[in-house]
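Have a look at the structure below, then the notes.
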Amino acid sequence: FQKVLYHDEL
Amino acid sequence: MNIFRLAGDMTHLLSIIVLLLKIYATKSCSGISLKTQELYALVFLARYLDLFTDFISVYNTIMKVVFIASSLAIVWCMRLHPLVKRSYDKELDTFRHYFLIGGTFVLALVLNEKFTLQEILWAFSIYLEAVAILPQLVLLQRSGNVDNLTGQYVFFLGAYRAFYILNWIYRYLTEPRFTRWIACVSGIVQTGIYADFFYYYFISWKNNSKLKLPA
C-alpha cells in the first residue's frame with residue numbers, strides 16, 4: 312500500500 | 041510541487057552555495073557561527089531519516105543528500121580544515137546552543153503528529169530549524185561588520201522559509217486535506233526571527249552601505 316506521502320517537503 | 045516550494049528549495053540551495061563559496065574562496069569562516077552549522081546538520085539528519093525508507097521523488101532524494109552532505113562538509117571544514125578553522129571566531133560564537141537542542145526536543149516530545157520516533161525527530165527538526173539561526177545572528181551582532189557573502193548567506197537562508205509559507209498557503213487553498221500546523225507555525229516563527237535582520241539588510245542595501253547590526 313502507498314505510505315501516506317506525509318513529509319513530501321524538504 | 042509548486043512554484044513557491046521550488047523557489048524556496050532553490051533559495052535554500054543558493055544560501056548553501058554562497059556559504060560554501062565564501063569558505064572556499066576566502067579560505068576563511070570568520071563571521072560564520074559553527075554552532076548554527078552544527079544545528080543545521082542535526083536538523084537535516086533528524087528530518088531526512090526516511091531518506092532510505094520512503095522514496096518520494098528523485099528531486100526529493102537528491103536534495104536531501106545535498107543538504108546533509110553540504111551541512112556536514114561545512115561543519116567538518118570549520119572544525120578540522122587546517123586553514124579554515126583558524127579563522128573561526130571561537131570567542132564570539134558563545135551561544136549556548138545545547139539549550140536550543142534540549143528545548144526543541146522536549147517540545148517535540150509534547151507536540152508532534154504521532155508519538156513515534158520518526159515523527160518526534162521530524163517535529164524536533166522543524167522546531168530546531170526555527171531557532172538554529174540564533175547563534176549566527178548573535179555572532180553577527182557581536183562581530184559588527186558583516187562581509188557581503190555572509191550577509192547574503194543569512195538573507196537567502198531567511199528568504200527560503202518565507203517562500204515555504206507561500207507554499208503552505210497555496211497548498212492549503214488547493215489541496216482539500218492539507219494541514220501542516222507544526223511546519224507552518226514553526227516556519228512563521230523562523231521567518232519572524234529574521235525580521236530585524238531583513239530590516240537592517242534592506243537599509244544597508246538601500247543606502248548602499250555596509251551591513252551593520254546594532255549590538
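Here the protein sequences come in this chain order: A and B. Quick note on this note's numbering: the first sequence kicks off at 312 and runs consecutively. Quick note on this note's numbering: the second sequence kicks off at 41 and runs consecutively. Virtual Cβ for every residue (Gly too), placed ideally from N, Cα, C.
Any C-beta of chain A sitting closer than 8 angstroms to the C-beta of M8 of chain B? Residue coverage of chain B in this structure runs from 41 to 255, which leaves residue 8 of chain B outside it and unanswerable.
Can you give the Cα-Cα distance for K67 of chain B and F155 of chain B, rounded to whole angstroms? Each residue's alpha carbon lies about 44 angstroms from the other.
So the candidates are B:K130, B:A109, B:I222 and B:L79; which of them puts its Cα closest to the Cα of C69 of chain B? Closest by alpha carbon: B:K130.
Please list the partners that R45 of chain B has in chain A, where partner means a Cβ-to-Cβ separation under 9 angstroms. Correct list: E320 and L321.
Every unbroken alpha helix (DSSP H) within the stretch 159 to 196 of chain B, with a cutoff of 4 residues, ordered by chain: Those alpha helix (DSSP H) runs which fall completely within the stretch 159 to 196 of chain B and span 4+ residues are 174 to 183.
Taking three-plus beta-carbon pairs below 8 angstroms as touching, is the stretch 174 to 189 of chain B in contact with the stretch 106 to 114 of chain B? The stretch 174 to 189 of chain B vs the stretch 106 to 114 of chain B: no contact.
In the DSSP assignment, what residue or residues form a beta bridge with K252 of chain B? Bridge partners of K252 of chain B: B:N185.
Alpha carbon to alpha carbon, how far is E159 of chain B from A86 of chain B? Give it in angstroms, no decimals. Near 10 angstroms, if we compare the C-alpha coordinates of E159 of chain B and A86 of chain B.
For the alpha helix (DSSP H) that contains V124 of chain B, what are its first and last residues? Bounds of any alpha helix (DSSP H) do not take in V124 of chain B, whose DSSP letter is neither H nor E.
Where I72 of chain B sits in the DSSP three-state scheme: Coil at I72 of chain B, not helix or strand.
Given that N100 of chain B touches chain A, what residues does it touch there, using C-beta distances under 9 angstroms? Simply D319, E320 and L321.
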